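Numbering (the UniProt record's numbering), first residue to last: 1 to 324.
Note that beta-carbon positions come from the ideal geometry of N, C-alpha and C, so glycine has one too.
Values in this document were obtained by computation on a predicted structure and should not be read as measured data.
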């Protein structure tokens, strides 16, 4: 069996495995329905049109600071969404630079794959994987950062509650959270505090926090504060109740994660067993593999097996994914 044929099979399963881990296996996260609900809620509590929304104003201000060529590239379709994802991941790279990095990586990997193996399918698979690798890295960093923020949020709310009871003003509680907590909560609350200190109103500053950290928990916090600002009442008591709700949500989150551990492990097994089995056969009885990778029928079976694996893992994900 040639090295190119071996790489052909390995790349198919490795690509499927990595894409599955990046896009399919996670049980929790922001689904499309949750994202739509957050956008609708953000528009409702802001009381503004999409063209004049807080995030749009920030986007226009950000674009004005760029050089004309950079501004042109940043205004291309889908760049705003990518820039938002990059910001939520905690990175500072410009969106067009990430796209250029992906294209350069795609061209480099594609050229090296073709020079090494001279197999079109291997080259295409390697290039496609390379072009999506930076985006997958950003999305994974974003998910980890948002998860850490939500984990820190109950303690941040407790700091705000104690500060209010001690007589601090509302914006002072944000500063205390920024000083006492770790990132990413400290960074986001410091941005919110700075916006209020520089003359922005509380509503816009909190909507900015929600746009930077799109989660149901932050939406509940922002909505509660805005409603209290309009109707009056004891904000410390409101924050105390919000903290209890958030902690209860996380307890339920951990319970669901425990109950779905078997399903997630099944997804891992389904993704890794083909690669392990191929490596085992290759090392023990390599004479069994030529018919699989050299015969067109065997190659079709490999492709169909990879597709079936993705479908199976997607079905497992659908069963075990529960929004908390």
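>> Can you tell me where the alpha helix (DSSP H) holding residue 174 begins and where it ends?
In response: The residue you call residue 174 lines up with position 174 of the chain shown. Residue range 170-180 is occupied by the alpha helix (DSSP H) that includes residue 174.
> Of all the options 202, 199, 213 and 311, which has the alpha carbon lying nearest to the alpha carbon of residue 147?
Replying inline: Translated into the one-based positions of the chain shown, residue 147 becomes position 147. For residue 147, the nearest C-alpha among the options comes from 213.
> Does the separation of the CB atoms of residue 320 and residue 264 fall below 9 Å?
Replying inline: Residue mapping note: residue 320 aligns to position 320 of the chain shown, counting from 1. Residue mapping note: residue 264 aligns to position 264 of the chain shown, counting from 1. Cβ atoms of residue 320 and residue 264: closer than 9 Å.
> Exposed or buried, what is residue 267 when buried is set at 16 or more other beta-carbons lying within 10 Å of its beta-carbon?
Replying inline: Locating residue 267 in the chain shown gives position 267, where the first residue counts as 1. Answer is buried; the Cβ neighbour count reaches 16.
>> For residue 300 and residue 150, I'd like the C-alpha separation in whole angstroms.
In response: Counting from 1 along the chain shown, the entry for residue 300 is found at position 300. Counting from 1 along the chain shown, the entry for residue 150 is found at position 150. Between residue 300 and residue 150, the C-alpha separation is close to 45 Å.
> Could you give the distance in angstroms between the alpha-carbon of residue 252 and the alpha-carbon of residue 211?
Replying inline: Taking the first residue of the chain shown as position 1, residue 252 is located at position 252. Taking the first residue of the chain shown as position 1, residue 211 is located at position 211. Distance between the alpha carbons of residue 252 and residue 211: 25 Å.
>> Which of the three DSSP states is assigned to residue 93 in this structure?
In response: Counting from one through the chain shown, the residue named residue 93 turns up at place 93. Residue 93 falls in the coil class under three-state DSSP.
>> So, with DSSP's three-state summary, where would you put residue 213?
In response: As a first step, residue 213 must be located in the chain shown, where it is residue number 213. Three-state DSSP puts residue 213 in coil, outside helix and strand.
>> Ignoring anything shorter than 4 residues, give me the alpha helix (DSSP H) runs that lie fully in the stretch 283-321, in order along the chain.
In response: 290-293 and 296-320
>> Do residue 220 and residue 246 have their beta-carbon atoms positioned less than 9 Å apart in this structure?
In response: As a position in the chain shown, residue 246 is number 246, starting the count at 1. As a position in the chain shown, residue 220 is number 220, starting the count at 1. Residue 220 is positioned such that its CB atom lies closer than 9 Å to that of residue 246.
> Going by the CB atoms, is the gap between residue 141 and residue 91 shorter than 9 Å?
Replying inline: Position 91 of the chain shown, counted from the first residue, corresponds to residue 91. Position 141 of the chain shown, counted from the first residue, corresponds to residue 141. Yes, Cβ-Cβ distance for residue 91 and residue 141 is below 9 Å.
>> Suppose the cutoff is 6 Å on Cβ atoms and the five residues either side in sequence are ignored; what does the same chain contact list for residue 240 look like?
In response: Locating residue 240 in the chain shown gives position 240, counting from the first residue. Cβ neighbours of residue 240 beyond the five flanking positions: 161.
> Considering only residues of the same chain and omitting the five flanking positions on each side of residue 203, which have a CB-CB separation below 7 Å?
Replying inline: The residue you call residue 203 lines up with position 203 of the chain shown. Once the five neighbours on either side are set aside, the close Cβ partners of residue 203 are 226.
> DSSP state of residue 260, grouped into three classes?
Replying inline: The residue you call residue 260 lines up with position 260 of the chain shown. In the three-state scheme derived from DSSP, where H, G and I count as helix and E and B as strand, residue 260 is classed as coil.
> What is the rounded straight-line gap between the Cα of residue 124 and the Cα of residue 314?
Replying inline: Within the chain shown, numbered from 1, the residue matching residue 124 stands at position 124. Within the chain shown, numbered from 1, the residue matching residue 314 stands at position 314. Spanning the two alpha carbons is a distance of roughly 24 Å.
> Going along the chain, which residues of its own chain have a beta-carbon closer than 8 Å to the beta-carbon of residue 242, five neighbours each way excluded?
Replying inline: Here residue 242 is taken as the residue at index 242 of the chain shown, counted from 1. Hits under 8 Å: 157, 220, 221 and 224.
>> Pop quiz: residue 164 and residue 236 are said to be a contact at Cβ under 8 Å. What is the actual Cβ separation, rounded to whole angstroms?
In response: Sequence index remark: in the chain shown, residue 164 carries index 164 (1-based). Sequence index remark: in the chain shown, residue 236 carries index 236 (1-based). Right, their Cβ atoms sit about 4 Å apart.
>> Under DSSP, the alpha helix (DSSP H) around residue 184 begins and ends at which residues?
In response: For the purposes of this step, residue 184 is identified with residue 184 of the chain shown, where counting begins at 1. That residue, residue 184, is in no alpha helix (DSSP H); it is neither H nor E in DSSP.
>> By alpha-carbon positions, which one of 308, 316, 303 and 309 ends up nearest to residue 122?
In response: Here residue 122 refers to the residue found at position 122 when the chain shown is read from its first residue. For residue 122, the nearest C-alpha among the options comes from 303.
> By how many angstroms is the C-alpha of residue 207 removed from the C-alpha of residue 105?
Replying inline: Residue 105 sits at position 105 when you count from the first residue of the chain shown. Residue 207 sits at position 207 when you count from the first residue of the chain shown. Computed Cα separation, rounded: 36 Å.
>> Taking the alpha carbon of residue 271 as the reference point, which residue from 293, 287, 259 and 308 has its own alpha carbon closest?
In response: As a first step, residue 271 must be located in the chain shown, where it is residue number 271. For residue 271, the closest of 293, 287, 259 and 308 by C-alpha to C-alpha distance is 308.
> DSSP on residue 233, reduced to helix/strand/coil?
Replying inline: Working through the chain shown from its first residue, we reach residue 233 at position 233. Three-state result, residue 233: coil.
> Could you give the C-beta distance for residue 95 and residue 107, rounded to a whole number, given that I count them as a contact under 8 Å?
Replying inline: Reading the chain shown from its first residue, position 95 is the one you call residue 95. Reading the chain shown from its first residue, position 107 is the one you call residue 107. At roughly 19 Å, the Cβ-Cβ gap does not stay under 8 Å, so residue 95 and residue 107 are not in contact.
> Using a Cβ-Cβ cut-off of 8 Å (strictly less than) and excluding sequence neighbours within five positions of residue 182, which residues of its own chain qualify?
Replying inline: Translated into the one-based positions of the chain shown, residue 182 becomes position 182. Answer for residue 182: 152, listed in chain order.
>> Please classify residue 317 as buried or exposed, where buried requires at least 16 other C-beta atoms within 10 Å of its C-beta.
In response: For the purposes of this step, residue 317 is taken as residue 317 along the chain shown, with counting starting at 1. Under this definition residue 317 is a buried residue.
> Would you call the CB atoms of residue 77 and residue 101 closer than 9 Å?
Replying inline: What you label residue 77 is simply residue 77 of the chain shown in a count that begins at 1. What you label residue 101 is simply residue 101 of the chain shown in a count that begins at 1. Not a contact, by the Cβ cut-off of 9 Å.
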